[in-house]
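Engineer: Numbering (this note's numbering), first residue to last: 732 to 856. Even for Gly, the Cβ is constructed at its ideal location relative to N, Cα and C. Dropping the structure in here first, questions after.
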Amino acid sequence: NFMRKIYTQVVDNKKKWDDDPVPPTLGYSLEKGTPVPPPYFPKASPGKGRGLFASRFIRKGELVHDGTHSDLVFPDALAWRRFVFSLGSRDLACDCTDWNWMQMLEEGGRYFMLGALNISSLMNS
732 NFMRKIYTQV VDNKKKWDDD PVPPTLGYSL EKGTPVPPPY FPKASPGKGR GLFASRFIRK
792 GELVHDGTHS DLVFPDALAW RRFVFSLGSR DLACDCTDWN WMQMLEEGGR YFMLGALNIS
852 SLMNS
């Protein structure tokens, strides 16, 4: 995966990538060691663009994304900038900024920039 390689080169050269049996184009295993993709799939919607669609009934309040082992964590703003500017393509860099968000990793903790490298990047809040 090109973006994983860039992250390892410019942000965290000690990062170990889990060998998830679910390919990023189908999502990721919600539970480590259980090769079951999340209950959604990517597809183009006429007149609307790309999006995620339910592959089965999703119960109200059901967890459908937990990026604890699939999302990137940037330690600071400079690391995020190095990553984005190392992607080599202005279009990819612009897309990548849409796939990132700020989040506290623990209650009352500081905010970190996180990023998705799988189909969860198409998820709306």
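Just list the residues that DSSP pairs residue 774 with in beta bridges.
Structural biologist: Paired residue(s): 782.
Engineer: Which residue comes first and which comes last in the alpha helix (DSSP H) that contains residue 749?
Structural biologist: Counting along the chain, residue 749 falls outside any alpha helix (DSSP H), and DSSP gives it neither H nor E.
Engineer: Determine the direct distance from the alpha carbon of residue 788 to that of residue 831, and round the result to whole angstroms.
Structural biologist: Cα to Cα, the separation comes out at about 27 Å.
Engineer: Using alpha carbons as the reference points, say which of 756, 762, 840, 734 lies closest to residue 797.
Structural biologist: Of 756, 762, 840, 734, the residue nearest in Cα terms is 762.
Engineer: Using the rule of at least 16 other Cβ atoms within 10 Å of the residue's Cβ for burial, across every protein chain shown, is residue 880 buried or exposed?
Structural biologist: Nothing can be reported for residue 880, as the shown portion of the chain is limited to 732 through 856.
Engineer: Among residues of its own chain, excluding the 5 on either side of residue 751, which ones have a beta-carbon nearer than 6 Å to its beta-carbon?
Structural biologist: Counting only Cβ-Cβ distances below 6 Å, and skipping sequence neighbours, we find 759, 760.
Engineer: Please check the pair residue 805 and residue 843, which I expect to be a contact at CB under 8 Å, by giving their CB distance rounded to whole angstroms.
Structural biologist: Right, their Cβ atoms sit about 6 Å apart.
Engineer: Can you check which of these residues, 821, 845, 822, 802, is closest to residue 748 by C-alpha distance?
Structural biologist: Nearest C-alpha to residue 748: 802.
Engineer: By how many angstroms is the C-alpha of residue 850 removed from the C-alpha of residue 756?
Structural biologist: For residue 756 and residue 850, the distance between alpha carbons rounds to 6 Å.
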